[in-house]
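S.K.: Sequential numbering from 1 applies to the sequence shown in our numbering.
For every residue, glycine included, the Cβ atom is placed at its ideal position computed from N, Cα and C.
Below is the structure I would like to discuss, written out as structure tokens.
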Amino acid sequence: PTGQKIYFRGMDDPLKLTSIKAEHGFICRTWWEEAYELKSLDAFNTVIESIRGLLPDNGYYQHLLTFNPWSEQHWLKSEFFDDETRRKSVLSFTTTYHNNHHLNQGFIDDMEEMKIRNPNRARVAVYGDWGIAEGLVFDGLFDLEDFEPSEIVGRQIMGLDFGFTHDPTAFVKATVKDNDIYVYGGFYHTGMLNEPMAHKLAQNGAMLGRVYADSAEPRTIAELQTRGLRNIIPVGKGKDSNQQRIEFMKNYRYHIHPSATYLFEEMSTFTYQKDKFGKFLNKPEDGNDHAIQALGYALEPIIFTNKDGSYMNYQQRVQAVKDIGLR
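Laid out in structure tokens, this is it:
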């Protein structure tokens, strides 16, 4: 009855948001969902600073930001949470699933299960703590950023890691350009049966190129191939091949599109194991690496494949890692 509207906008181009004018009344409230995906503090300020002017009846402006705190190095922490640097007139607090009384029991069970199966991820997604700052496997090698995938010229790659009840099925699409990898799209779902997985893969372009997949699931690969996905190829396996693959992957920098936040979330909590003295080992923790594994599989033809298409043996893989100067 008041003529007021709710405007839904994306942050692909912050400048476009600065010109929005309300037909009735004033724009004085904003809600930034998944604020962690904002490209920068400057982009946020560009929009905030455009919402200004005197409001009638002692009105005021209010901006609400909601997000999962995947990394304590993000500008959101220093801007709104740290006592030394936080803005004035800010109310910041942490909520967990315990604060939401409208969740179904299945979701609650998943949260409880995560505490046991994936404590690093649970630290952020369940307890609401800020993400891990030390011991990250890909420390300093990944960013969440917006880009146009069609404008990136390079080698197109796709990878698939199978999950089911608790572990997600992860499908990753990326473009390799020199030492940079641009990751976009794909999907990340639990409980996927083969038929809906085949449809989802086809919708995401899996029939347009080779998809390298986890060789531990030959029956699933065979079923997907009978459903028309004939370009799904099982990756080679061998002694320490997963760890060697991770070491090779550290030779690249990862630009992760907002459509692939599942990978960003994994890299933000993917750490090295510790020994009994609390020192980091050169072996990653197992569990929260499904999209990372899928990306590693996608890189298979670049990493451990000989010129004749055969999979490298152990000594060849060791030498391949040494040849690119990795630890």
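1. In whole angstroms, give me the CA-to-CA distance for Ala260 and Gly185.
2. Spatial neighbours of Arg327 within its chain, please: CB distance less than 6 Å, with the 5 preceding and 5 following residues excluded, ordered by chain position.
3. Exposed or buried, Pro168, counting other C-beta atoms within 10 Å across all chains shown (16 or more means buried)?
4. Would you report the Cα separation of Ala139 and Ala202, rounded to the nearest angstrom?
5. Starting from Pro69, trace the beta strand (DSSP E) in both directions and tell me its first and last residue.
6. Got a sec? Which residues, its chain only, sit under 7 Å from Ala122 by beta carbon, not counting five neighbours each side?
7. Provide the residue span of the alpha helix (DSSP H) that contains Gln293, from first to last.
8. Do Gly131 and Ser71 count as a contact pair if the criterion is CB distance below 8 Å?
9. Using 8 Å as the Cβ pair cut-off and three pairs as the minimum, do the region 206-218 and the region 161-177 touch?
10. Considering only residues of the same chain and omitting the five flanking positions on each side of Leu55, which have a CB-CB separation below 7 Å?
11. Tell me the DSSP bridge mates of Val183?
12. Name the residue from His102, Met197, Leu65 whose alpha carbon lies nearest to the alpha carbon of Ile48.
13. Give the straight-line distance between the Cα atoms of Ile221 and Thr305, rounded to the nearest whole angstrom.
14. Is DSSP giving Arg327 helix, strand or coil here?
M.R.: This is what the structure gives:
1. 5 Å
2. Note on Arg327: pLDDT 38, under 50, position unreliable in the model; the coordinate value appears next. Correct list: empty, nothing qualifies.
3. That one is buried.
4. Correcting the residue type first, residue 139 is Asp in the shown sequence and not Ala. In a straight line, the C-alpha of Asp139 is about 33 Å away from that of Ala202.
5. From DSSP, Pro69 is part of no beta strand (DSSP E); its letter is neither H nor E.
6. Met114, Lys115
7. 290-298
8. yes
9. Below 8 Å, enough C-beta pairs join the region 206-218 and the region 161-177 to call them touching: three or more.
10. Phe26, Cys28
11. Ala174, Ile256
12. Ile48 has its Cα closest to that of Leu65, out of His102, Met197, Leu65.
13. 20 Å
14. Interpretation of Arg327 is limited by its pLDDT of 38, a score under 50 that renders its predicted location unreliable; the figure taken from the coordinates is listed afterwards. Coil at Arg327, not helix or strand.
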